[in-house]
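**Q** Numbering (my numbering), first residue to last: 1 to 1116.
See the structure below:
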């Protein structure tokens, strides 16, 4: 091509370039989300309007074209690939072609159907961001005097304020053109003036403000409502939309309250949302996004400018529990005023100034208060035509949840939410709770912030009263009396069997009575404690029964306990009498107790009466003292009362579906409170208790044979042991076909594949999930008896048993809504007396019950996190102290363990948090493999979890062990895990060099984009300082280097070179690579090339060069 000809063509190309400038902060964010997930339709907006009257189509078209000519933003396109920063290009001339559809021959129903389908199809078309106009108008003729039109546009062009300005001007222009008149619209400032103003702002002042505002904030406020784990393999998202309207009186009350106290409606609505987040998360310090108008008053004419001015910024709200609501709201308004001085700040910059890690959003919810300058109906001057805004099909924001408040005659609230994350019913509840808080702000203005509840009166009644309607009148029958009545009914039935020993009910009662009378001679009576340190044997259970018959309280001393621990227990309990045998006594510390050797001293008791001792048992007398671990390292003794145990047995025998006279295995250690339930629910129903040795307890295959041979019908097992049995059956162990009841307690029950298969093979066997801490014994139960295939992976713990109350409360001891986590608290007849000799600790854990009617009622704070299901069943979540913070995120270790337990290569898994050499807390997984082949297991587990959990919940390392250490009660001993491998710790991160040419090229690209000397293949892009703009640059270079149209989201899902290389190989193996949706690259690439040459050309050459490329977009 000759020089003259080239110059002439270049001149033609650049005539259409009017301006070129950067994006506003909000535009940057929207562009990023659009590129990240083009299939999601993020920021694609649509509005439908009805036009009543005789429409002048020509005037309508002219009005819209005039708007495009008038406002530069409507003639803009966007470029980003291979640029340091994205740019928007303003074209001199852009033609808006209005599409016309004539549906006047269709019925109204068919018209609505067609319109709905057209809206979806139009949305699927999307926009090529490099080709203007990024808006479309489609006119539908429905009748001679009835039209509708669809206004589609990308949110990059207009915010809702600007949309209103455009529509107002369009309708004014239409009326003028229809009359054949001119319309002198006021002069306006181009959007580029606003961008120039942004670039002049004091970024250092903004940085100081945001650093101070977000100091100490390191993770987004989680939305703790019913959720579904999202499918990380696809970016497509289904968004739901729920709305409510406050009544006119409620709306007017809010307005009057705002006027009286010089507050804005926006502040009241923001305050209600902050309160709701606090109630839902249990945090008194929350952060959410707020959308600000972004129109600086200092910029003349800004209110009539058209473009994207809004900005979304983080708002941090603290809720001092003892501050009056009104004072708190005024402080929130002052905070908002200060924020407005820096509302020009880029969210990307703010992220860098905060403590939140790169790649993690600052917030998960945004709040939008829509205060628009014009209404929704536009009437022509002579009433010839009316334009009505029917509905907006709003874009999604890229955030999981958006709250929009519309201050109309009736205050409206709309929630747009990601259905992959949130349950529809949970969102509907959320809206009701937000309405409750809004309506209570004026009424409770002088109340403390902590006292404002989101619950409706009906919800509060349901949670506190209906779901705790467990009162059952019952005679105060003691455990001993129940047993003695059973002896009268079945004197000759077998009561207990151990090896070749068997005692009938008559013989068991006789021997227990003799020992009880002897204990009475030694001073045992009400609240007198008797230590029991005996091997598993018939003598052990006789000693328990005799102690209760004597009116005393037994104190189990497990022979497996370390000597030092038993010394602490004996010193604390101060038992005047100790029951033992010779072997165990040799392991006990020295004691001043009177010692009775039950294996050699029976002759001393034989002369005692075998009549039932006469005791007037008070319900508040102690029945046992069982020691549990204490946070200080010193065990604490739970003092359980006769009343609580009698209530448990009454419920167990009458309401738990127990089979009469069941042959029951006595499996648990006597130091575990479930042993009482095993023993006495059997003896008070005429069943037979089968004792086994410790060796048999530990051998799953032998235990299965025992269960089958002895025709055992009922067993109580912790989850871990149940899993062991299920695995043993799977590997050829005997199926105990006579089992009719499995009862599990002590830790979270998981329906693993092995347990499901095991239970499925047991005919008519029910699985009961019991819950109850040592301080209260069993307080809830849930039965699984239908088809095993219907069982949930994590069954609920059920509802409260008889005469027991369960509350799920927040940190202010207020009830939490359904689906919202809180601390499980227990009231009613199931509570123990407290802790032996620890009144301060008891006062800390046992509080006055604020919801009970009876005087002196107490409430036990369990320290367990739980939440309600819709039907009143309770879902146990985890120990509150088993929650850890990883990179600022609150992590429930049990959630990770559940995911790992479902992996076919594992038998068991436990996750703990450990600190590395730098003091950073990391996750470490201890796993028991299903086979001896463990090669590549760590990589396999990390890949498996990556598909199901966020990155911060994936353990840094996995340690394969032969078996998990257990406590005597059968729970996993987390403290002992560290002793499995003293040298094992969280590995320090080391540089891993590229191994292939592809990884080498990626490392080169990463180093250039991140401006680092070298990058290893396992280094995380975001941990190295990467952010959304750099991510856009990097993916653009990767696409160019490897000729693969890799979606931006892949960098977020594969943030290491090693992972991204695997994705690129997968793309290269496909027959045809493609970019999702309608964002094309031809116009982009041409534009990038000419932009790269701009700084080398004269002004004339620049104009000439750009024209050739950009004129094509006008023809398109």
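Virtual Cβ for every residue (Gly too), placed ideally from N, Cα, C.
What is the rounded straight-line gap between the Cα of residue 1074 and the Cα of residue 353?
**A** Low confidence applies here, because residue 1074 scores a pLDDT of 44, under 50, leaving its location unreliable; read the following figure in that light. Spanning the two alpha carbons is a distance of roughly 37 angstroms.
**Q** Compute the distance between the beta-carbons of residue 796 and residue 807, then report whether it is under 8 angstroms.
**A** Going by C-beta atoms, residue 796 is not nearer than 8 angstroms to residue 807.
**Q** In whole angstroms, what separates the C-alpha of residue 56 from that of residue 123?
**A** 27 angstroms
**Q** Looking at residue 262 and residue 146, is the spacing between their C-beta atoms short of 8 angstroms?
**A** Not a contact, by the Cβ cut-off of 8 angstroms.
**Q** From the DSSP secondary-structure annotation, give me the bridge partner or partners of residue 314.
**A** Under DSSP, the beta-bridge partners assigned to residue 314 are 289.
**Q** Could you check the C-alpha separation between residue 901 and residue 745 for me, to the nearest Å?
**A** 18 angstroms
**Q** Since residue 644 contacts residue 450 with CB under 8 angstroms, what's their CB separation in whole angstroms?
**A** Wrong, their Cβ atoms sit about 32 angstroms apart, outside the cutoff.
**Q** If you compare alpha carbons, which of 702, 837, 624 is closest to residue 670?
**A** 624
**Q** In the DSSP assignment, find the alpha helix (DSSP H) that holds residue 477 and state where it starts and stops.
**A** Element bounds for residue 477: n/a, residue is neither H nor E.
**Q** What does the Cβ neighbour count give for residue 235, buried or exposed, with the cut at 16 atoms within 10 Å?
**A** Reliability fails at residue 235, whose pLDDT of 43 lies under 50, so the model's placement of it is uncertain and the value that follows must be treated cautiously. Per the 10 Å Cβ criterion, buried.
**Q** Quick check on residue 863: does DSSP put it in helix, strand or coil?
**A** It is a strand residue.
**Q** Taking 8 angstroms as the threshold (C-beta atoms), are residue 313 and residue 283 in contact?
**A** no
**Q** Using alpha carbons as the reference points, say which of 355, 959, 954 lies closest to residue 908.
**A** 959
**Q** Check whether the Cβ atoms of residue 177 and residue 59 lie closer than 8 angstroms to each other.
**A** yes
**Q** Would the beta-carbon of residue 91 be found less than 7 angstroms away from any heavy atom of the ligand MG?
**A** No copy of the ligand MG appears in this structure; indeed no ligand is present at all.
**Q** Can a CB atom of chain B be found closer than 8 angstroms to the CB of residue 995?
**A** Of the chains in the structure shown, none is chain B; there is only one protein chain.
**Q** Taking the beta carbon of residue 996 as the centre, do at least 16 other beta carbons fall within 10 Å, making it buried, or is it exposed?
**A** Only exposed fits residue 996, as fewer than 16 other CB atoms lie within 10 angstroms of its CB.
**Q** Give me, in chain order, the residues of the same chain whose beta-carbon lies closer than 8 angstroms to that of residue 233; leave out the 5 immediate sequence neighbours on both sides.
**A** Confidence at residue 233 is low in this model, with a pLDDT of 38, below 50, so its placement is unreliable and the value that follows should be read with caution. Around residue 233: 947.
**Q** Let me check understanding here. Comparing Cα to Cα, which of 18, 80, 42 lies closest to residue 1127?
**A** Nothing about residue 1127 can be read from this structure; the chain reaches only from 1 to 1116.
**Q** Quick one: measure Cβ to Cβ for residue 496 and residue 689, integer angstroms, because I've assumed they're closer than 8 angstroms.
**A** 5 angstroms
**Q** With respect to the beta strand (DSSP E) encompassing residue 547, which residues constitute its N-terminal and C-terminal limits?
**A** Counting along the chain, residue 547 falls outside any beta strand (DSSP E), though it belongs to the alpha helix (DSSP H) covering 538–549.
**Q** With 16 other CB atoms within 10 Å as the buried threshold, where does residue 1093 fall?
**A** A caution first: residue 1093 carries a pLDDT of 42, below 50, which makes its placement in the model too unreliable to give a value.
**Q** Is the beta carbon of residue 358 less than 8 angstroms from the beta carbon of residue 840?
**A** no
**Q** Cα-Cα, which of 215, 348, 299 is closest to residue 318?
**A** 215
**Q** From the DSSP output, read off the bridge partner residues of residue 815.
**A** 809
**Q** Whole angstroms are fine: how far does the CA of residue 133 sit from the CA of residue 117?
**A** Answer to the nearest angstrom: the Cα atoms are 23 angstroms apart.
**Q** Nearest to residue 842 by CA position, among 519, 834, 849, is which residue?
**A** 834
**Q** Per DSSP, which residues does residue 873 bridge with? Please list them.
**A** DSSP lists no partner for residue 873.
**Q** Between the C-alpha atoms of residue 219 and residue 640, what's the straight-line distance to the nearest angstrom?
**A** 42 angstroms
**Q** When DSSP labels each residue in this structure, what does residue 215 get in the three-state scheme?
**A** coil
**Q** Can you check whether the CB of residue 440 is closer than 8 angstroms to the CB of residue 817?
**A** no
**Q** By how many angstroms is the C-alpha of residue 30 removed from the C-alpha of residue 455?
**A** Going from the Cα of residue 455 to the Cα of residue 30 covers about 36 angstroms.
**Q** What are the partner residues of residue 414, as DSSP defines its beta bridges?
**A** Answer by DSSP bridge pairing, in chain order: 243, 404.
**Q** Please report how far the alpha carbon of residue 355 lies from the alpha carbon of residue 36, in whole angstroms.
**A** 24 angstroms
**Q** If you draw a straight line from the alpha carbon of residue 735 to that of residue 931, how long is it in whole angstroms?
**A** 22 angstroms
**Q** Residue 1092 by DSSP, collapsed to three states: which one?
**A** With a pLDDT of only 43 at residue 1092, under the threshold of 50, the placement of this residue in the model should not be trusted; the figure read from the coordinates follows. If DSSP states are grouped into helix, strand and coil, residue 1092 belongs with the helices.
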